[in-house]
Structure formats: C-alpha cells, structure tokens
Amino acid sequence: MMKSEQLYEGKAKKVFATDDPALLIVDYKDDATAFNGLKKGTIAGKGIINNQMSNRLMQRLERAGIPTHFVEELSERETLVKRVEIIPLEVIVRNIAAGSFSKRYGVPEGKVFSAPTIEYSYKNDELADPLINTSHILALQLARADEMETIRRYALRVNEVLSAFWAECGVTLVDFKLEFGRLPDGTIILADEISPDTCRLWDSKTGEKLDKDRFRRDLGGVEDAYAEVMRRLCGHGGN
Ligand code: UDP
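Residue numbers (my numbering): 229 to 467.
This is the structure:
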C-alpha cells in the first residue's frame with residue numbers, strides 16, 4: 229500500500245492518503261496535548277502503544293459485532309484504515325465519575341454509577357468542544373436521529389465488551405471517548421483510536437491511574453503507565 233500525500237496532522241496522529249481512495253494510513257506520534265492544546269509534551273513510545281492497543285481493541289470489537297475502521301497494522305506506528313466522513317462528536321461513556329463529570333456536577337472522582345452514562349461533545353477546537361445534547365445535534369445537522377441511535381447502541385456495547393476485557397487484565401475502564409464516521413454508503417463505523425489517551429484506565433486493585441491523566445495532572449511515571457497497561461493487555465493474549 230503506497231503512502232501518498234499527508235491529508236491532516238492532528239495532535240497525536242498524522243493521516244495520509246493511499247493509492248486506494250477508500251483507504252487511509254494513520255501514523256501515531258508521541259506528541260501529547262491536554263486542556264484543548266494548552267499543555268503540550270511528548271510521551272516516549274506512546275505512538276507505538278496507542279497504535280497497537282487501538283488495533284487490538286478494534287479487532288476485538290469487530291469480533292463482537294461492532295464495525296470499525298481497522299483494516300491492517302502496517303508497522304509499529306502505522307495502520308491502514310477505512311476512509312470515513314468523521315461525525316464531529318466526542319461520544320463519552322462513563323462507568324465511574326472522573327474528570328469533567330466530577331468537576332461539572334461536584335461529584336467525587338471514583339463514584340461508581342449504577343448504570344453507564346453517555347454524553348456528547350461537539351468537536352470544535354474554537355469552541356473548546358462544548359457539551360451537546362441529541363436535539364442540538366439534530367438541529368445542527370451533525371447526525372440524523374437514526375444515526376444517533378446507532379451510535380448510542382454501539383457506544384454502550386463497546387463499553388460492555390471493553391469493560392469485561394479490561395477487567396480480565398486487572399484494569400477498570402472508568403470512562404472513554406469514541407468517534408464514529410460514515411462510509412460512502414452511509415454505514416456508521418467506529419473510527420479514531422481507543423488508547424490510554426482516550427480512556428481512563430485504573431488498576432483494579434490499587435486504583436493507580438494508567439492513562440493520560442498522569443500527563444494531564446503531572447503525576448509522573450507517564451511512560452511507565454502506558455507501558456504497564458500495554459503489558460497487561462498483551463499478558464492477556466493480546467487479543
Ligand atoms: N477524552 C478524550 N478527548 C477529549 C476529551 C476527553 O479522549 O478531548 C476522554 C478522556 O481521556 C476520558 C473521557 O474522554 O477518558 C472523559 O473525559 P472528560 O470529559 O472527563 O474530560 P477531561 O477531564 O479529560 O477534560
């Protein structure tokens with residue numbers, strides 16, 4: 229597969245066209261940002277871990293019946309994916325209060341919900357990704373009602389599959405962010421990445437944070453946390 233022109237460079241990834249218009253190559257970087265780009269840094273080796281972890285989790289989700297953009301891992305940092313039109317929403321599922329939820333509602337971090345919650349943010353850097361509800365999504369024509377039903381169903385199913393999987397690795401899936409896209413025929417599939425950049429992952433026994441909060445909150449041991457969570461995943465057969 230020939231990598232051709234770079235289409236996009238984001239905070240953590242570069243995206244390249246290929247000689248097949250239906251396929252793109254994603255190249256994961258070690259760069260990290262937080263707080264809408266205000267905090268910048270690098271996490272050595274992160275790109276490799278995020279690429280490999282995301283691919284393993286996406287393959288597992290495919291087997292559970294959730295369509296994803298994953299096609300083939302090409303190298304340590306590069307993956308061939310299906311080209312989609314990204315729906316500009318961050319779809320956030322939470323099992324335990326943390327981060328912006330705790331701050332917004334004054335709930336201590338660590339409060340376990342009786343059922344998972346789902347919320348959406350409008351992906352828009354200028355507006356700092358504001359929280360948005362389904363009726364506003366429809367008003368802005370970001371997605372149709374039937375598409376939102378599919379997204380909601382997939383997101384909650386992803387939570388079931390990944391929560392169970394991470395639990396087997398001794399890791400609690402606290403919350404995570406997904407992005408979905410449309411194939412040319414309109415099919416909704418899971419896109420972007422699933423990694424310690426986009427999930428909160430806590431050691432099930434000690435509660436230790438094994439995700440990007442170590443970077444956001446200057447907790448130290450950032451590289452070690454990413455390596456540890458990858459080791460746990462691989463220790464569990466990798467798939
Ligand atoms: N998240 C993400 N990208 C974002 C915002 C959030 O991947 O731009 C993830 C984050 O890593 C966490 C979950 O979504 O796993 C919920 O994040 P939250 O809304 O608590 O925001 P934060 O505290 O990270 O600002």
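A virtual CB, placed ideally from N, CA and C, is assigned to each residue, including glycine.
- Contact between N278 and E421 holds, with the beta-carbon distance rounding to 6 angstroms and staying under 8 angstroms.
- Around the C-beta of D425, 16 or more other C-beta atoms lie within 10 Å, and the residue is accordingly described as buried.
- Inter-residue distance for A373 and F408 is about 14 angstroms (C-alpha atoms, whole angstroms).
- Within the DSSP bridge table, the entry for Q287 names no partner.
- Under the three-state reduction of DSSP output, D374 falls in the helix class.
- Rounded to whole angstroms, the gap between the alpha carbons of L411 and L447 is 40 angstroms.
- In the three-state reduction of the DSSP assignment, D248 falls in the coil class.
- Around the beta carbon of N387, 16 or more other beta carbons sit within 10 angstroms, so the residue counts as buried.
- Contact between K310 and V299 holds: their C-beta atoms lie close to 6 angstroms from each other, under 8 angstroms.
- Closest option to K242, judged by alpha-carbon separation, among A262, A250, S232, W430: S232.
- In this structure the segment 272-291 does not lie against the segment 364-380, because fewer than three pairs of beta carbons, one per stretch, are closer than 8 angstroms.
- Annotation: E337 is outside any beta strand (DSSP E) and is labelled neither H nor E by DSSP.
- Rounded to whole angstroms, the gap between the alpha carbons of L390 and A356 is 28 angstroms.
- Taking the Cα of D259 as reference, the smallest distance to any Cα among G265, K239, V335 is reached at K239.
- Taking the CA atoms as reference points, H297 sits about 10 angstroms from E290.
- Between T307 and the set T270, L252, A395, the nearest pair of CA atoms involves L252.
- In this chain, D413 is not harboured by any alpha helix (DSSP H), its DSSP state being neither H nor E.
- When V312, T345, D248, R442 are compared, the shortest CA-CA separation from R381 is found for T345.
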